[in-house]
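Using numbering that gives the first Met the number 0, the letters of the sequence shown correspond one by one to residues 0 to 414.
Using N, Cα and C, we set each Cβ at its ideal position, and we do this for glycine too.
Notes for the one structure printed next.
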Amino acid sequence: MIGSSVVVRTRSWIVLCLGLLTVGTPAAFAGDCPGHPDALGTSRTLVVDPREHPRIGTMQYRETLPLKDHEVVLTFDDGPLPKYSNQILKMLDDECIKATFFIIGGQAKANPEGVRKLVAAGHTVGTHSMNHPLTFDRMPIEKAEAEINGGIEWTSAAMTDPSRQLAPFFRIPGLMRADGVENYLISRGIQVWSADFPADDWRHVSSDRVYQLAIQRLEAKGKGILLLHDIQARTVAALPKIIRDLKARGYRIVHVVPATAELPATPTTPVEWLLHPPTETVPIARWPAVPNFVFTQTPTLPAPSLADLNAQAGHQPLLPRKTIAQANVAATLPVPGRDLFAIPEGSIEVLLSTTLSRRAAARMAMAAQAPRAARGKAGKPHTAHATHAAPKHTAQAKGTTTRPTRVANSVKKRA
């Protein structure tokens, strides 16, 4: 149920049939607030669909309401409590401001008239559990469901027409969120509301401090959802100052309602639901992911055939028949055998691969050449004497030539 926000222009009376508002209640403006010409008023009505954007509020979630700069949504929790809620309701009526109230089921049970006053004044009414426990983040889901359903039941019982007056909006007490609770609410089409900034009016602080925090945090963000409580005396004292500064600083009030079959959602774009959408002037720190193209998953590409070259069968082929037959064979070559790259252990190539074995490899090469030279001279007549004299000469040389010969012999044996 998301709705399209209907912008009501100044001095225009557009009758909205809203699920939470009384029929025929127009959006208020300063010029349309009888007896209060300087009132802040309500600039426009924003219609949202909880199913399209189930979680809002940048205190906890990525998205928030699609507000423009200097637009504010006022929200009040924990009521109604007649002593303070009636005073806040009077201040809002005097300024023709429409807000959103999150009702506790126990308060609605004790003061159903207070709920009906909110509906009659045209405010949006959501729920805030039955007893406001601060353990939603760790309680069993069955207990959480009972708390949620109890708040809806007693708030609906205080209304004359709950189907048209109760909004499918829920704020978790203390903002103690949990995935199970949120999933349950979303499954029922209920929008989970957090906030963009609070005023800390539930703490033991002065009303001036509540006013200062509300304005400072609003100025820091420029727009958003303000979280207040209509059961605190400090909030009653701070609200007139907050409204005064909102007018002085040019802020505008936006009223939020749920979409219905008769009232469609306000047309928006996904980027509008971000508090500060990125712009072209702001550089992006994270590079976008490179897409995975289809062809990168193909292990091999097929070789083109003659048909791909627009060859016509009627023409005489340019290649012989045997060549054409070979062209149709798969384009990939067979995998070479493992013995193609095998190098015998102890060979010159292996010895040359290390720095320490280069001398031994050189000696083996010299020894391999010596027998070849001897065999080349064996056919000549004078070589016989040299052959017989070789042992004596070798002995006199103290083994200088026998050492390479031994290495050569070892190479032959290994071969």
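- With three or more CB-CB distances shorter than 8 Å, the stretch 67–75 counts as touching the stretch 222–236.
- The shortest CA-to-CA distance from P111 to any of F135, M175, T154 and E144 is the one to T154.
- By the Cβ test, the stretch 32–45 is in contact with the stretch 89–106, since at least three Cβ pairs between them sit closer than 8 Å.
- Taking the Cα of P139 as reference, the smallest distance to any Cα among F101, P257, V180 and Y83 is reached at V180.
- Look at D338 here: in three-state DSSP terms it is helix.
- Taken atom to atom, the span from the alpha-carbon of L80 to that of T126 is near 15 Å.
- Sixteen is the threshold: since fewer than 16 other Cβ atoms of the shown chains lie within 10 Å of the Cβ of P36, the residue is exposed.
- DSSP lists no bridge partner for G249.
- In the structure shown, T154 adopts helical secondary structure according to DSSP, grouped into three states.
- As the crow flies, the alpha-carbon of S42 is around 14 Å from that of I242.
- N85 is not a Cβ neighbour of G105, given a cutoff of 8 Å.
- Under the DSSP assignment, P167 falls in the beta strand (DSSP E) whose first and last residues are L165 to F169.
- Y183 and E144 have their C-alpha atoms spaced approximately 8 Å apart.
- DSSP, reduced to helix, strand and coil, places T268 outside both helices and strands of the structure shown, so it counts as coil.
- In terms of CA proximity to V46, H254 leads the group H254, P269, W192 and E271.
- Bounds of any beta strand (DSSP E) do not take in L274, whose DSSP letter is neither H nor E.
- In this structure, DSSP gives E94 a state outside helix and strand, which the three-state scheme calls coil.
- Note on geometry: alpha-carbon atoms of G78 and T280 lie some 44 Å from one another.
- With a minimum length of 4 residues, the unbroken runs of alpha helix (DSSP H) contained wholly in the stretch 38–114 fall at 81–93 and 104–109.
- Following the DSSP letters along the chain, one finds Q215 inside the alpha helix (DSSP H) bounded by residues S206 to K220.
- The Cβ atoms of M58 and D160 lie no closer than 8 Å to each other.
- For L262, the three-state secondary structure derived from DSSP is coil.
- Relative to Q211, the option among I230, K220, A198 and R202 whose CA is nearest is A198.
- Membership of I230 in any alpha helix (DSSP H) is not indicated, and neither H nor E is assigned to it by DSSP.
- In the DSSP assignment, G125 falls within the unbroken beta strand (DSSP E) covering T123 to T126.
- At least 8 Å separates the beta-carbon of G150 from that of P49.
- Secondary-structure assignment with DSSP links V191 through a beta bridge to R54 and F169.
- Taking a contact as a CB-CB distance under 8 Å, the pair P132 and E146 counts as one, their CB atoms being some 6 Å apart.
- Only residues of its own chain outside the window of five on either side were considered, and among them D76, G125, H127 and R170 have a CB closer than 6 Å to the CB of F101, listed in chain order.
- Approximately 5 Å separates the beta-carbon atoms of V118 and Q164; this is inside 8 Å, confirming the contact.
- Taken through DSSP and simplified to helix, strand or coil, P132 comes out as coil.
- When rounded, the separation of the alpha-carbon atoms in Q368 and R337 is 31 Å.
- For D178, the uninterrupted alpha helix (DSSP H) run begins and ends at D178 to S186, by DSSP.
- T268 is classed as exposed because its beta carbon has fewer than 16 other beta carbons within 10 Å across all chains shown.
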